[in-house]
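Right, one structure below, let's go through it.
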Amino acid sequence: MNTRIVVASAAVVLLAAGCGGNDAGRQPEPPPTGAQPTPGTPGTSSTPITPQPIPPGNATKTPAGGLPRPSQVNGFDASTVAAVVAAVTYRYDTAIDNSPSDAQRRAKPWLAPALAAQLDGGPAAPAGAEWATWVQHRAYTTSTAVDATEDGAPADTATRADRTIAVTMQPVGRDRWRGTPQRYALYITLTRASAKAPWQISQLQVQE
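Put into structure tokens, the structure is as follows:
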């Protein structure tokens, strides 16, 4: 099954600080053995730096490309539920989202309660350099999610199913910019209380 959606992802920002003045290019001399750091010296503080929380985006808006309605998804088909969650998880839109976590929250209708609670209680995924580029282009992404479960995978039981979902993502700017396509493999475990209940995602791992 193919599911076409709107997606984005974030990268980590690495900042490098250079040196100036006449000492450029010199290697710093190591401190004498047993020397104690001087109070106030940069880099010697033991106080941890707490990242500032990222506020949620606009949850009342729909990302470009739309969202599947839970009532339109066959919750009794494990492959369908896995593909929808994989797609929605990557459905980012910088016009309404502040970080990748906003898209992850949109998948909550198909998540098991314990996994959904982690999204509510955990920190937001970092919005890094790649996200900043997308913001400049007012970007969203399109994507396809396909069941790529291999032969020989564990057989489904009445209350557990495992799926591998291949996601291909294409960043698209509203200014006609296009980013490099990205591909991910998602390893998903679905569970349910009984054969009469719909499937829910209880575990999800991503491989780039």
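The sequence shown begins at 1 in full-length UniProt numbering and counts up by one. Cβ atoms here follow ideal geometry from the backbone N, Cα and C, with glycine treated the same way.
Which residue marks the beginning of the beta strand (DSSP E) containing residue i, and which one marks its end?
| i | result |
| --- | --- |
| D162 | 160 to 173 |
| T60 | It is not in any beta strand (DSSP E) - T60 carries neither H nor E in the DSSP assignment. |
| L204 | 200 to 207 |
| A145 | 139 to 147 |
Taking the alpha-carbon positions, what's the residue i to residue j distance?
| i | j | result |
| --- | --- | --- |
| S79 | Q182 | 22 Å |
| L119 | T62 | 19 Å |
| G121 | A114 | 11 Å |
| Q72 | W134 | 30 Å |
Check the C-beta distance from residue i over to residue j and give it rounded, since I have them as a contact under 8 Å.
| i | j | result |
| --- | --- | --- |
| T141 | Y92 | 6 Å |
Around the Cβ of residue i, are there at least 16 other Cβ atoms within 10 angstroms (buried) or fewer (exposed)?
| i | result |
| --- | --- |
| P56 | exposed |
| Q205 | exposed |
| A153 | exposed |
| S194 | exposed |
| Q136 | exposed |
| S101 | buried |
In this structure, how does DSSP classify residue i when only helix, strand and coil are distinguished?
| i | result |
| --- | --- |
| R183 | strand |
Please list the terminal residues of the continuous alpha helix (DSSP H) segment that includes residue i.
| i | result |
| --- | --- |
| V73 | Here V73 belongs to no alpha helix (DSSP H), and DSSP marks it neither H nor E. |
| S79 | 78 to 89 |
| T133 | 129 to 136 |
| A193 | Element bounds for A193: n/a, residue is neither H nor E. |
| G121 | 113 to 121 |
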